[in-house]
Structures are given as structure tokens and as C-alpha cells.
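Convert by adding 2 to the 1-based position in the sequence shown; the result is the number in the working numbering.
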Amino acid sequence: MTGELVHKPKHYNHGEIDLIESWYKTYPWDQFVAIMESHIDKYIKRHRYKGNATQDLEKALEYTKRLVEYWLLESVNE
């Protein structure tokens with residue numbers, strides 16, 4: 003599909019760290035989760051009103067997948 007546009011778009015990587023990783027390292031856990039949930043919600047709610055609905059749904063899945071990865075990381079570190 004649109005691969006890099008969904009999984010790790012270039013505009014999310016300024017410098018050595020990607021945007022989501024930066025949020026994870028910058029914000030307290032609860033705020034990071036809220037940020038991720040808001041992006042998931044955004045992509046799900048607007049997908050049918052954009053030209054490429056599938057891409058937005060894939061972005062929602064990507065944010066969900068990454069949130070799960072961080073959730074598992076946090077649960078291991080507790």
C-alpha cells in the first residue's frame with residue numbers, strides 16, 4: 003500500500019528520533035497515551051471524508067500498533 007506514508011513518514015523524522023518516540027520521551031505516560039488516542043480517533047473519524055480512506059484507517063492501525071508496543075514496554079518496566 004502506501005508503506006512509508008503510513009508507517010514512518012519522512013516528515014515525522016526530523017533528526018535522529020521520530021515524532022512518536024519524541025512524544026514518548028517528552029511527555030508523562032498518561033499524556034503520551036492521550037496524544038496517541040487522539041490521533042487514532044482523528045484518523046478513524048475522518049477517513050470517510052478524505053480521498054484516501056484506506057490510508058487514514060491504516061494510519062489509525064499504525065498508531066494503535068505503536069501504542070501497544072509502548073504499552074507493553076511500560077508494563078515490563080513497572
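Glycine included, C-beta positions come from ideal geometry on N, C-alpha and C. Predicted model, so just to flag it, every value in this text is computed and none were measured.
Excluding the five sequence neighbours on either side, which residues of its own chain have a C-beta within less than 7 Å of the C-beta of residue i, listed in chain order?
| i | result |
| --- | --- |
| H41 | Y65 |
| H49 | A55, D58 and L59 |
In terms of alpha-carbon separation, which member of the options lies closest to residue i?
| i | options | result |
| --- | --- | --- |
| S77 | W25, S24 and W31 | W31 |
Where residue i and residue j are concerned, what is the direct C-alpha to C-alpha distance, given to the nearest angstrom?
| i | j | result |
| --- | --- | --- |
| K52 | L59 | 11 Å |
| W25 | L63 | 18 Å |
| K67 | I22 | 12 Å |
| T28 | E80 | 18 Å |
Near residue i, what residues of its chain come up, given a Cβ to Cβ distance below 8 Å and the 5 sequence neighbours on each side ignored?
| i | result |
| --- | --- |
| E39 | L69 |
ask   = Three or more beta-carbon pairs under 8 Å between the region 21-39 and the region 57-75, yes or no?
value = Flag = yes, the region 21-39 and the region 57-75 touch.
task = Any chance you could list the beta strand (DSSP E) runs of at least 3 consecutive residues sitting entirely within the region 14-38, in chain order?
result = Whole beta strand (DSSP E) segments, 3+ residues: zero.
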